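This report refers to the structure that appears directly beneath it.
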Amino acid sequence: MQASRAACCWRCSLRLSSVAQKPAPARTRVLVARYASSAASPSLEASSSSSAVDARALDARPARRRSPARGLPRPQAADAAVAIFNEVVSQSGEAGDVAAGRQKHSVEWELVAKLTELEGRPVDDPAKLDLFQTDVWPELKKMRGQFPQNLYWSVTQFLGKTCRAAVQQGHVGVSLRLSKMYARLNRYELDTRGLLVLSLCHTIISGQLAPAQRGAVVRELIEMWKHISQLRRPSQKRRNTNQFALPSADEVLSIVESATEGPTNYSSLVKALAGLFNQYRLLQAVPLVPALLASVAVLTDPELTGPSQQIEAAPLLILVAAVLLPEMPDSALVGEALAGRTASFPPSHQSDVRAYVLGRWPQASDALQSADAPWRNAPTALGRHGGLESLGLVGFHQELRDAYVRRDAGRAVSAWRRLKAFLDRDPATGRLLRQDADFLHFCDFCVFLWCALRQPDSLQETLELMDQLELEPTVKTYTAMLHGWKTCKDSGKMTALWDRLVQSGTKLDVHIWTERISGLMEANRPQSGVQALAEMMELWKRAVKEHGADAAADAAVQPNIEVVNAAVTGLHPAQHQHL
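Under numbering that gives the first Met the number 0, think of the first position of the sequence shown as 0, with each following residue one higher.
Here you go:
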């Protein structure tokens, strides 16, 4: 009996162990997966007890054999996978952001520490700026203007102290660097820059430098004025070169006449010279006036400034002369403009500069009024930096372009007449522009403009001005004519010009051929355009046959894909019109 009971217990234990080892039913696993995918749902959290009861009930059911799952996973399972993936990615991204933030703060703390170390050096140590430019400035440039407040404050404090030390100690070779760094920090104040210029002028007139050293400081003075003229001008923002960017004399005088802001006790001299920097309000540019007067005195002094450097400074000197004429201010008026205590500039230095400018002003006035000054007539005075920007003609150019965009012929003619008056008033400027390639491009644009706007009188005036300045029209000039007449669809003038060019034996290029063919097409003369293309091809084949493939380019123009495109593109509108 006891043996039979033991056998029964043993068989029962075997059955229980076998049941425990069986896998959970497939349906139970799916429901568990569904629950896991929606565990964050408030409704499921609220019914957790009932879900547990349902799960136990399902476990108690007999297991049914099911075929393996096939096809794509259920949407709930896919959502669960995406949720897990997003969670993992977000955690890793947050970890990366934390690491990047720590690295950024580490760089900031390191830069502040370096600045603190530099601050501990002697005030008159000229190597401070070199170390700053080597160790700190490259990291600051990588931040692209996004500086933390404490770092920005430390940098501006360091640069401010360095500027004051340069002004008081007369350091050279640092003014332009400091000004450019300030501009990179969006600091465009002119009072600090005026002090740096005054310091350079004092160093030049002090007589303590050898000629070679003095020449280097004069060059730095000229470069400073180029840089100042470019500040806050959108057209100069992406330029890597240092060059003059000045307004025209008419623009300056217009600003002075219309100025109503600030105190009225400023003399006409101060207003005129402050108006040269028309990217600023008049009051903002007033601190530059003493520095500009001192610079004019230095740059017109042949004992301090050589002829080549006077030529380089010609755009500034020409504009100063234009706004001060016809009545050049006397020494008394200049003395009033120089009066007043300049903060941070040593009183003894200020007295030296004032005495030099007043003693030199009569000769400087004569130099500014002289039409025979070497810097006025030098052939390379503007060629190095571009005449349009150097003399402020870029303003006229932009106004003419705006007038063309609006098809406003009256505005264009008005700007042209003001430009003519400007050149007539200062013939020396025209002689300088004659040597400048940019001005020839400007004339070509004017030729196009007058043809496009149907202004034959202004076109004739432009050609007469070019003849007066001994500027020969080029094939680019004639291409501009064709382009202008193509714009206004005047095929008659296009044909007349082309016939004249062919009769004169002018050497043509692929661009003017393209303008001719596309112009005929756009003037709704497709057959003439195709004939012109065939003529071009025939002339090229004949040149190859007579001169050989290598020398054919000297006698004819080879058609290329641009010319063919001009013909084919022009055919589409004509074809649509006949459909």
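By construction, the Cβ of each residue, glycine as well, lies at the ideal position given by its N, Cα and C atoms.
Keep in mind the model is a prediction, meaning the values are calculated, not measured.
Minimum Cα-Cα distance from Thr191 among the listed residues Gln242, Ala215, Ala290 corresponds to Ala290. By the neighbour-count criterion, in which a residue is buried when 16 or more other Cβ atoms sit within 10 angstroms of its Cβ, Pro306 is exposed. The criterion of a C-beta distance shorter than 8 Å is satisfied by Lys113 and Asp134. Cβ-Cβ separation between Trp512 and Val556: approximately 6 Å, consistent with a contact (criterion under 8 Å). When secondary structure is reduced to three states using DSSP, Phe276 falls in the coil class, being assigned neither helix nor strand. Across the structure, Val173 and Asn185 are spaced so that their CA atoms are roughly 19 Å apart. The region 298 to 361 is shown to contain whole alpha helix (DSSP H) runs of 4 or more residues at 306 to 311, 313 to 323, 330 to 337, in chain order. In this structure, Val255 sits away from Lys236, with a CB-CB distance that is not shorter than 8 Å.
When only Cα atoms are considered, Glu534 and Phe395 end up about 40 Å apart.
Per DSSP, the unbroken alpha helix (DSSP H) holding Gln283 starts and ends at 281 to 284.
Rounded to the nearest whole angstrom, the C-alpha separation of Arg424 and Leu367 is 14 Å. If you ignore the 5 residues before and after Glu460, its C-beta comes within less than 8 Å of the C-beta of Trp415, Lys419, all in its own chain and listed in chain order. At a Cβ-Cβ threshold of 8 Å, Leu287 and Ala273 count as neighbours. Taking the Cα of Ala354 as reference, the smallest distance to any Cα among Arg238, Glu521, Ala293, Thr115 is reached at Ala293. Using a 10 angstroms sphere on the CB of Asp466, the tally of other CB atoms stays under 16, which defines it as exposed. Under a 10 Å Cβ-count criterion, Gly528 is classified as buried, with 16 or more other Cβ atoms of the shown protein chains found around its own Cβ. Here Glu521 is actually not in contact with Leu481; their C-beta atoms are around 11 Å apart, not less than 8 Å.
Judged by beta-carbon spacing, Val322 lies within the 8 Å limit of Ala248, meaning their Cβ atoms are closer than that value. The C-alpha of Asp401 is placed about 44 Å away from the C-alpha of Ala165. If you look at Pro147, you'll find it isn't in any alpha helix (DSSP H); DSSP assigns it neither H nor E. If you look at Ala550, you'll find it isn't in any alpha helix (DSSP H); DSSP assigns it neither H nor E. Rounded to the nearest whole angstrom, the C-alpha separation of Leu268 and Pro301 is 24 Å.
The three-state reading of DSSP puts Lys419 in helix, counting H, G and I together. At a Cβ-Cβ threshold of 8 Å, Arg453 and Ser490 do not count as neighbours. Fewer than three beta-carbon pairs drawn from the region 208 to 218 and the region 314 to 321 are found closer than 8 Å, and the two stretches are therefore not classed as touching. Rounded to the nearest whole angstrom, the C-alpha separation of Gln526 and Ser517 is 12 Å. Nearest to Cys442 by alpha-carbon distance, out of Asp456, Pro246, Phe421, Lys475, is Lys475. Trp374 is a Cβ neighbour of Ala313, given a cutoff of 8 Å. Distance check between Asp407 and each of Ala451, Arg417, Phe438 places Ala451 closest, using alpha-carbon atoms only.
Secondary structure of Asn564 (DSSP, three-state): helix.
For Met520, the uninterrupted alpha helix (DSSP H) segment begins and ends at 509 to 521. Per the coordinates, the alpha-carbon of Leu208 lies some 35 Å from the alpha-carbon of Gln278. By the criterion of at least three beta-carbon pairs nearer than 8 Å, the region 148 to 166 is not in contact with the region 228 to 245.
With respect to the C-alpha of Leu500, the residue from Met180, Thr473, Arg176 having the closest C-alpha is Thr473.
Annotated three-state conformation of Phe131 is helix, per DSSP. The Cβ-Cβ distance between His226 and Ser257 does not fall below 8 Å.
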